[in-house]
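Let me begin by presenting the structure, written as structure tokens, before commenting on it.
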Amino acid sequence: MKNLLYISILCFAVVSCNVVDVEPQNSISASEAFKTKEDIDKGILGAYASLQSLSYYGRTYSIFSDLAADNLSHPLDATATEYAEVDNNSILPENGSNSNMWAIMYDGINVTNNVISKVPIINDMTVEEKNVALAELYFIRALNHFNLTRYYGAIPLKLEPTIGVNGLDAPRVPVNEVYAQIIIDLTFAAENLPSSGSKIRGSKFAAKALLARVYLYQGNFQQAAAMASDVINNGGYTLLSNYADVFADEENAESIFEIYFSQLERNRIAEYNFPKSLNGRREVEPSQDLLDAFEVGDERFEASIAFAEGLAYAIKYDDLNLGADNFIVIRLADMYLIRAEALAKGPAPEANQIKADLNAIRTRAGLSGITSNSIDQLISAIEKERRVEFAFEGQRWFDLVRTERAVDVLFNVTSINQTLFPIPFDELQTNKDPGMVQNPGY
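Sequential numbering of the sequence shown, starting at 1, is according to full-length UniProt numbering.
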């Protein structure tokens, strides 16, 4: 599977050359690049390439979610000032890491839109093959749009390719409208993608799992529970008995969708987490608050955190030399906890099912089950369980923001305005649409 990446890098370069202001002399035009079914598949692989960026799943996107929350801290002797801003929740619009994160997600959207626009004109593809190709592209586009809304709230909704300077100006669209399009894209993906296959590419149940997450964020708890149940019951995934194995083996039975990395296109997650004594940069470290959040006997602690010279560091992604460990975006444990939360917050809470889902996760971690039937206590238990289960997987900040708990939980978040990242200064300078305005408080 590792040789897929080299192809995707080349394809990404081919597709991206059509979105810059001046086309390089050695580039390939879209009309020349897309003529056959094989060309479309290469274009799809290129659409995945943006997900591998160091500004995306290769480092920044997931680390910032734990750093802005209370799972990671920026050590006093660390050097990345942009990370210090995120840790202090005092992010400047000029923050380069924030700007790069925004840019790479929109670059990924633009690549997908370019390939989407070419699928209908390919002559050697059947209608079914075209639908499968479009479904995979819609899955990638939906993931990018969803990730943007999680950090920035209302965003420009991009459904057409931007070529040259055309289409640069676009207004921010309310989150509910973005979610509506995400659901359209993912529903089509779930109806047309295969049920199985490589977990580094979208599938029917990857689309349904992402739909479950979107519905939860949207507050559509009945749909979130139903979609999570579909994945749990019909997806063919299983919780691994040993938590550490989730991160030891790529494309394992618990993983639903993950981002592919190799030594050719490495991630730098371990480099930014590992201490300097082990040749890392130690730009982030587990917070003491997180260390204290693990219960005695929780097997997830040793699978998530190690110590060197008394310093704690995250080890879920530990390939410091090559950076070739895949990043898991969605796994089955999330479906259990999404269903538990959705049932707890839905119109007819079912304490027994909520406890069963919650305890499936706790039992795997070597902990005793929750016995309370209090819905409020179960919701609190789910929040805590999500924190330790998904530590360093880039979920904590989003969980606190979507549940409106960030101001209550985080000492350095004193205003609801701080629960959205600033729109990058570069975007405000280049996007002249009257509807492109900064988030309040920046």
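All C-beta atoms, glycine included, are put in the ideal place defined by N, C-alpha and C.
TODO: Could you tell me whether the stretch 98–106 touches the stretch 320–337, where touching means 3 or more Cβ pairs closer than 8 Å?
DONE: no
Open item on the list: In this structure, how does DSSP classify Ser415 when only helix, strand and coil are distinguished?
Closed with: Along the sequence shown, one-based indexing puts residue 415 at 415. Coil at Ser415, not helix or strand.
Open item on the list: So, for Thr419: in the same chain, excluding its five sequence neighbours on each side, which residues have a beta-carbon less than 7 Å away from its beta-carbon?
Closed with: In the sequence shown, residue 419 corresponds to position 419, counting from 1. So the qualifying residues of the chain are Val401, Ala406, Val413.
TODO: Just the C-alpha distance for Ser304 and Glu250, rounded to the nearest angstrom, thanks.
DONE: For the purposes of this step, residue 304 is taken as the residue at position 304 of the sequence shown. For the purposes of this step, residue 250 is taken as the residue at position 250 of the sequence shown. In a straight line, the C-alpha of Ser304 is about 16 Å away from that of Glu250.
- [ ] Check the C-beta distance from Ala224 over to Ala342 and give it rounded, since I have them as a contact under 8 Å.
- [x] Here residue 224 refers to the residue found at position 224 of the sequence shown. Here residue 342 refers to the residue found at position 342 of the sequence shown. Confirmed, about 4 Å.
TODO: Measure the Cβ-Cβ separation of Ile122 and Lys42 and say whether it is below 8 Å.
DONE: One-based indexing of the sequence shown puts residue 122 at position 122. One-based indexing of the sequence shown puts residue 42 at position 42. No; because the gap between Cβ atoms is not below 8 Å, this pair is not in contact.
Task: 8 Å Cβ cutoff met for Leu240 and Ala253 - done: The count along the sequence shown starts at 1 and reaches residue 240 at position 240. The count along the sequence shown starts at 1 and reaches residue 253 at position 253. Going by C-beta atoms, Leu240 is nearer than 8 Å to Ala253.
Task: Exposure label - Thr112; buried when at least 16 CB within 10 Å - done: As a position in the sequence shown, residue 112 is number 112, starting the count at 1. Classification for Thr112: buried.
TODO: Using the Cα positions of Met390 and Tyr442, report the straight-line distance between them to the nearest angstrom.
DONE: As a working mapping, residue 390 is identified with position 390 in the sequence shown. As a working mapping, residue 442 is identified with position 442 in the sequence shown. The displayed chain sequence assigns Phe, not Met, to residue 390. C-alpha of Phe390 to C-alpha of Tyr442: approximately 30 Å in a straight line.
Open item on the list: Extract the residue ranges of the beta strand (DSSP E) inside the stretch 188–272, only unbroken runs of 3 or more that lie entirely within it.
Closed with: 255–259
Task: Integer Cβ distance of Leu337 from Asp70, believed to fall under 8 Å - done: Position 337 of the sequence shown, counted from the start, is the residue given in the question as residue 337. Position 70 of the sequence shown, counted from the start, is the residue given in the question as residue 70. Between Asp70 and Leu337 the Cβ distance is about 18 Å, and since that is not below 8 Å, they are no contact.
TODO: Report the residue from Tyr48, Asp298, Phe274, Val296 whose alpha carbon sits nearest the alpha carbon of Leu143.
DONE: For this step, residue 143 is matched to residue 143 along the sequence shown. If we check each option's Cα against that of Leu143, Tyr48 comes out closest.
Task: Inside the UniProt domain "RagB/SusD" (323–403) only - beta strand (DSSP E) runs reaching at least 3 residues - done: 327–331
TODO: Go through its chain and collect everything with a Cβ distance to residue 443's Cβ below 7 Å, but skip five positions before and after it.
DONE: Outside the displayed span of the chain (1 to 442) sits residue 443, for which this structure offers no information.
Task: Contact the stretch 213–222 vs the stretch 179–191: 3+ CB pairs below 8 Å - done: Counting Cβ pairs under 8 Å, three or more are found: they touch.
Open item on the list: Distance check for Val178 and Lys118, CA to CA, integer angstroms please.
Closed with: Your numbering for residue 118 matches position 118 in the sequence shown. Your numbering for residue 178 matches position 178 in the sequence shown. Looking at the two C-alpha atoms, the distance is approximately 23 Å.
Task: Contacts around Glu136, its chain only, beta-carbon distance under 6 Å, and the 5 residues preceding and following it disregarded - done: Here the question's residue 136 lines up with position 136 in the sequence shown. When the five nearest sequence neighbours on each side are left out, the beta carbons in the same chain lying within less than 6 Å of the beta carbon of Glu136 are those of Ile44, Gly202, in order along the chain.
Task: Phe307, enclosing beta strand (DSSP E) - first and last residue - done: For the purposes of this step, residue 307 is taken as residue 307 along the sequence shown, with counting starting at 1. 305–308 is the extent of the beta strand (DSSP E) around Phe307.
TODO: State the Cα-Cα distance for the pair Ala133 and Ile40, rounded to the nearest angstrom.
DONE: If you number the sequence shown from 1, residue 133 lands on position 133. If you number the sequence shown from 1, residue 40 lands on position 40. Computed Cα separation, rounded: 8 Å.
Task: Cα-Cα separation, Ser229 to Met335 - done: Numbered from 1 along the sequence shown, position 229 holds the residue referred to as residue 229. Numbered from 1 along the sequence shown, position 335 holds the residue referred to as residue 335. So the two alpha carbons sit approximately 7 Å from each other.
TODO: Could you check if Asn352 is buried or exposed, using at least 16 other CB atoms within 10 Å of its CB as the buried criterion?
DONE: Taking the first residue of the sequence shown as 1, we reach residue 352 at position 352. Exposed, because fewer than 16 other Cβ atoms sit within 10 Å of the Cβ of Asn352.
- [ ] Specify, as a first and last residue, the run of the beta strand (DSSP E) that Leu428 falls within.
- [x] Position 428 of the sequence shown, counting from 1, holds the residue named residue 428. Premise fails: Leu428 lies in the alpha helix (DSSP H), 425–430, not in any beta strand (DSSP E).
TODO: Evaluate Ile370 with the Cβ neighbour count: other Cβ atoms within 10 Å of its Cβ, from every protein chain shown; 16 or more gives buried, anything less gives exposed.
DONE: Along the sequence shown, read from residue 1 onward, the residue named residue 370 stands at position 370. Burial call: buried.
- [ ] Could you check how far apart the C-beta atoms of Glu299 and Gly235 are, in whole angstroms? I think they sit under 8 Å.
- [x] One-based indexing of the sequence shown puts residue 299 at position 299. One-based indexing of the sequence shown puts residue 235 at position 235. Not confirmed; about 24 Å, so no contact.
Open item on the list: According to DSSP, Leu148 sits in a beta bridge with which residue or residues?
Closed with: Taking the sequence shown and counting its residues from 1, one reaches residue 148 at position 148. BP columns for Leu148 are empty, so no partner.
Task: Exposure of Gln429, with buried meaning 16 or more beta-carbon neighbours within 10 Å - done: The residue you call residue 429 lines up with position 429 of the sequence shown. The residue is exposed, with fewer than 16 neighbouring Cβ atoms inside 10 Å.
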